[in-house]
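Chemist: Okay, handing you the structure first.
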Amino acid sequence: MVTTTQLKVGSVFKMGNDLFAITKMQGNKSGRGAQVIKFRVKNLLTGTTSDVALNGGDKFEEVELDVRKTNLSYVDGETYVFMDNETYEQFELTQEDLGDNAGYITPEDELEVGITFYEGKPIGIKMPTSVVRTITYCEPGLKGDTSGKSYKPATLDTGIEVMVALFCEIGTKVRIDTRDGSFMERVL
Amino acid sequence: MKRLTRSIDITTRVVDNYGDAGVALRLLRSLSLMGREFRIRLFIDDPSILEILLGGGWRFGGAGTVLRLEALSVSVFDWSDLQPLESEDGPDLLIEMFGGGLPDSYLPAISSGRPEEAAGIVWLNLEHLTAEHWASDYHLTPSFSPDPHLNKFFFMPGFREGLGGLIFDSAFLSLKRKWDGLDRAGKRAERRKLLDRWEIPCGEAQADDIWVSVFSYEKDFAALVEYACRANDTTLLLSPGKGTALLEGMMRERGAGGKCLSLPFLPQGEWDELLFSCDINLVRGEESLSRAALSGRPFLWQAYPFAEEGQMEKVEAFVDLLCPGNREISGLFVAYNQNRGCEVFSHLMKTGASTAELFKNFAKKLENFGNCADQLIQFSDNYIRFSKGR
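In order, the protein sequences belong to chains A and B.
Reminder that position 13 of the first sequence reads as 12 in numbering that gives the first Met the number 0, one-by-one numbering, no gaps.
Reminder that position 202 of the second sequence reads as 201 in numbering that gives the first Met the number 0, one-by-one numbering, no gaps.
Written out as structure tokens, the structure reads:
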């Protein structure tokens with residue numbers, strides 16, 4: 000069993016007779032700092048997508064699916080095409096299948112990602128807990144503020160917007176937590 | 000004719016202090032004044048806390064002990080002792096307080112005798128109170144339930160339109176109107192009556208002072224002590240607790256113990272009256288924040304401290320709603336939580352009529368958002384109305 004806080008985008012878990020893949024997550028601190036999390040989940044049996052709210056301590060049976068190591072070859076509209084590094088087989092996933100993980104990868108990367116399969120079909124990708132990306136746009140950095148506790152919006156080289164520490168500049172490499180999109184640190 | 004919510008189960012854990020059980024009791028009181036008949040069971044992991052909150056007028060005598068609130072009878076169960084629970088007797092509405100979970104034997108007990116075709120039970124996780132924007136993302140969002148008979152949702156109380164509101168009732172509002180309508184002499188007389196009732200000796204002049212109630216976690220009180228020692232027309236009314244004991248000790252050391260009135264533990268209704276009787280309230284945690292905000296009196300709020308000063312986000316979100324653009328008042332809340340200088344209190348005392356109006360209007364706005372208890376029942380009624388099989 001795993002608790003809600005151990006799940007991340009791309010995880011698959013069982014609830015009753017259904018299997019759910021997480022495509023989006025939003026974690027928040029409730030009273031006394033306890034975690035509450037809102038997931039967007041895709042029911043792998045019915046194909047329907049829904050939002051669910053959970054407490055941090057809720058427990059689930061995580062399902063281990065087959066995983067194949069791939070790289071992202073190219074993106075065609077909303078279709079992401081991945082290639083198996085060993086067999087050169089190609090797999091297509093939609094942006095919806097990737098959920099928030101779509102914001103952390105580009106075809107220019109050498110980043111290896113695991114594609115998860117359910118009943119022989121690719122259903123999503125597994126990302127490392129953090130990725131390093133480059134800021135392509137943000138307001139000028141605030142010199143002297145190295146606390147890392149105040150934030151400003153920044154666009155990453157993948158096109159998504161995240162909140163980063165005030166001292167970050169265009170071109171700064173930053174480590175982003177793929178579980179919730181939060182800024183972790185500047186990478187020198 | 001389709002029926003409405005008749006039976007309610009409430010589960011609550013006492014994590015620390017009295018806040019969790021206090022909110023449960025507020026909810027029960029509000030339900031008792033709704034003018035409807037409910038069968039209510041309360042499952043609590045420490046029933047003795049209720050004895051304290053009720054001021055000694057009730058004793059827990061084992062599973063199913065009845066607690067009477069107005070016309071409402073509540074059967075109280077110890078979390079760990081659900082033996083007598085009738086297996087076929089699931090409620091229409093289950094309210095889980097603050098994601099505290101359910102007693103282990105609860106679900107098996109209410110599911111075992113329930114026929115397959117029986118209508119679902121509405122299960123609402125009444126979450127913590129927060130002014131942060133994300134509360135709107137969670138309100139009435141479905142959650143997972145381990146039992147197909149129970150349909151679980153998050154229910155967010157709050158300070159914003161579209162959320163579940165705050166818990167209050169007609170008795171609270173009547174008390175507020177009474178104190179709002181008093182002139183200076185009337186207020187002095189009512190204050191004296193309160194102190195007599197609480198058996199607290201007080202000088203004649205003190206009843207005319209600026210009254211500042213203090214209910215606080217342990218914190219650095221240097222600024223408040225500095226202010227209170229300098230001001231010659233201010234009396235601190237201290238609710239019992241580790242924090243206020245510390246404060247009282249510091250005041251005594253400065254030879255200003257006479258400016259403090261140590262209050263006994265007050266049951267909820269009495270504590271509400273304390274807030275109305277004071278000019279300024281310094282409160283802590285969620286339950287007290289909701290009372291202070293509804294009281295319409297100027298107040299400062301100390302948020303429950305947690306890791307990496309995470310509570311400051313909650314403070315900042317709250318002041319954004321209380322006084323958008325008013326940097327002076329919002330600065331006071333932030334400074335109070337960061338233990339900054341005594342000018343915090345001087346400012347609050349001096350800001351005058353416009354500040355009083357700000358807090359009064361905020362309370363009015365919160366009242367207009369509606370009573371949380373009404374909204375819980377309304378959601379359950381609607382769910383029952385529109386669900387199949389009723």
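For glycine and all other residues, C-beta sits at the position ideal for the given N, C-alpha and C.
Does the structure place the region 113-133 of chain A close enough to the region 161-180 of chain A that three or more beta carbon pairs sit under 8 Å?
Modeler: At 8 Å Cβ cutoff, the stretches touch.
Chemist: Within this structure, are the beta carbons of B/Phe264 and B/Leu174 separated by less than 8 Å?
Modeler: Not closer than 8 Å, so no.
Chemist: Applying the criterion that 16 or more other CB atoms from any shown protein chain within 10 Å of the CB defines a buried residue, is A/Asp99 buried or exposed?
Modeler: By the 10 Å Cβ count, A/Asp99 comes out buried.
Chemist: Taking B/Asp136 as the query, report the chain A residues whose CB atoms sit under 9 Å from its CB, ordered along the chain.
Modeler: Gln25, Asn27, Lys37, Asp50 and Ala52, listed in chain order.
Chemist: For a cutoff of 8 Å on Cβ pairs, would you count B/Ser215 as touching chain A?
Modeler: It does not: the Cβ of B/Ser215 has no partner Cβ on chain A nearer than 8 Å.
Chemist: Going straight from the alpha carbon of B/Thr129 to that of B/Arg12, what length do you get?
Modeler: C-alpha separation (whole angstroms): 19 Å.
Chemist: Applying the criterion that 16 or more other CB atoms from any shown protein chain within 10 Å of the CB defines a buried residue, is B/Glu307 buried or exposed?
Modeler: So B/Glu307 counts as exposed.
Chemist: Under 8 Å, Cβ to Cβ, is there at least one residue of chain A near B/Met0?
Modeler: Confidence is the limiting factor: at B/Met0 the pLDDT is only 48, short of 50, which leaves the residue's position unreliable, though a coordinate-based value still follows. With 8 Å as the cut-off, B/Met0 does not count as an interface residue toward chain A.
Chemist: In the DSSP assignment, what are the bridge partners of B/Val75?
Modeler: According to DSSP, which records beta bridges pairwise, B/Val75 is partnered with B/Leu41 and B/Thr64.
Chemist: Would you decide whether B/Phe385 is buried or exposed? Buried here means 16 or more other CB atoms lie within 10 Å of its CB.
Modeler: Its Cβ having fewer than 16 others within 10 Å, B/Phe385 is exposed.
Chemist: Indicate whether at least one CB of chain B lies closer than 8 Å to the CB of A/Gly170.
Modeler: No, A/Gly170 lies away from the interface with chain B (no Cβ there is under 8 Å from its Cβ).
Chemist: So what's A/Ala153 in DSSP terms, helix, strand or just coil?
Modeler: A/Ala153 falls in the strand class under three-state DSSP.
Chemist: For B/His132 and B/Ala316, I'd like the C-alpha separation in whole angstroms.
Modeler: When rounded, the distance between both Cα atoms is 8 Å.
Chemist: Keeping to the same chain, check which residues put their C-beta closer than 7 Å to that of B/Met0; ignore five residues upstream and five downstream.
Modeler: For B/Met0, the pLDDT reaches just 48, beneath the cut-off of 50, and the residue's location in the model is therefore unreliable, although a value from the coordinates is still provided. Closer than 7 Å at the Cβ level, and outside the excluded window around B/Met0, lies no residue.
Chemist: Once DSSP output is grouped into helix, strand and coil, what is the label at A/Asn27?
Modeler: In this structure, A/Asn27 counts as strand in the three-state DSSP scheme.
Chemist: Counting C-beta neighbours from all protein chains within 10 Å, is the total for B/Gln82 16 or more, i.e. buried, or is it exposed?
Modeler: Per the 10 Å Cβ criterion, exposed.
Chemist: Counting pairs of beta carbons, one from the region 46-59 of chain B and one from the region 140-157 of chain B, are three or more of them closer than 8 Å?
Modeler: The region 46-59 of chain B is not in contact with the region 140-157 of chain B.
Chemist: Using a Cβ-Cβ cut-off of 8 Å, state whether B/Phe143 counts as contacting chain A.
Modeler: By this cut-off, B/Phe143 is an interface position.
Chemist: Does any C-beta atom of chain B lie closer than 8 Å to the C-beta of A/Arg31?
Modeler: True, the Cβ-Cβ gap to chain B drops below 8 Å.
Chemist: Is B/Cys277 helix, strand or coil when you go by DSSP?
Modeler: Looking at B/Cys277 - three-state DSSP - the assignment turns out to be coil, as it is neither helix nor strand.
Chemist: Across which residues does DSSP place B/Ser261 in a beta bridge pair?
Modeler: According to DSSP, which records beta bridges pairwise, B/Ser261 is partnered with B/Leu237.
Chemist: Does the region 66-76 of chain A come within contact of the region 32-48 of chain A, defined as at least 3 CB pairs closer than 8 Å?
Modeler: Output reads no: the region 32-48 of chain A does not touch the region 66-76 of chain A.
Chemist: What does the alpha-carbon distance come out to for the pair B/Phe305 and B/Asn338?
Modeler: Looking at the two C-alpha atoms, the distance is approximately 15 Å.
Chemist: Give the interface partners of B/His346 over in chain A, defined as CB-CB distance under 7 Å, in chain order.
Modeler: Ordered by position in chain A, no residue passes the 7 Å Cβ test against B/His346, which lies about 25 Å from the chain.
Chemist: Can you tell which of B/Asp44, B/Leu165, B/Gly34 and B/Asp146 has the C-alpha that lies nearest to the C-alpha of B/Glu366?
Modeler: Ranking the options by Cα distance to B/Glu366, first place goes to B/Leu165.
Chemist: Can you list, in chain order, the residues of the region 10-25 of chain A whose Cβ is nearer than 8 Å to any Cβ on chain B?
Modeler: Cβ contacts with chain B come from Met14, Gly15 and Gln25.
Chemist: Compute the Euclidean distance between the alpha carbons of B/Cys228 and B/Ser238, then round it to the nearest angstrom.
Modeler: Taking the straight line from one Cα to the other gives about 19 Å.
Chemist: Under three-state DSSP, which class holds A/Asp90?
Modeler: According to the sequence displayed, residue 90 of chain A carries Phe and not Asp. Of the three classes helix, strand and coil, the one that applies to A/Phe90 here is strand, per DSSP.
Chemist: Using only the alpha-carbon positions, how far apart do A/Gly55 and A/Leu6 sit?
Modeler: In a straight line, the C-alpha of A/Gly55 is about 10 Å away from that of A/Leu6.
Chemist: Kindly give me the distance between the Cβ atoms of A/Tyr103 and A/Met126, rounded to whole angstroms, as I take these residues to be in contact under 8 Å.
Modeler: Right, their Cβ atoms sit about 6 Å apart.
Chemist: Could you spell out the range, first to last residue, of the beta strand (DSSP E) harbouring B/Tyr335?
Modeler: That residue, B/Tyr335, is in no beta strand (DSSP E); its alpha helix (DSSP H) goes Arg326 to Asn336.
Chemist: Where DSSP assigns a beta bridge to A/Arg67, which residues make up the other side?
Modeler: Answer by DSSP bridge pairing, in chain order: A/Ile114.
Chemist: If you draw a straight line from the alpha carbon of B/Ala372 to that of B/Leu92, how long is it in whole angstroms?
Modeler: Each residue's alpha carbon lies about 12 Å from the other.
Chemist: Would B/Glu126 pass as an interface residue toward chain A - the criterion being a Cβ-Cβ separation below 8 Å?
Modeler: It does: the Cβ of B/Glu126 has a partner Cβ on chain A nearer than 8 Å.
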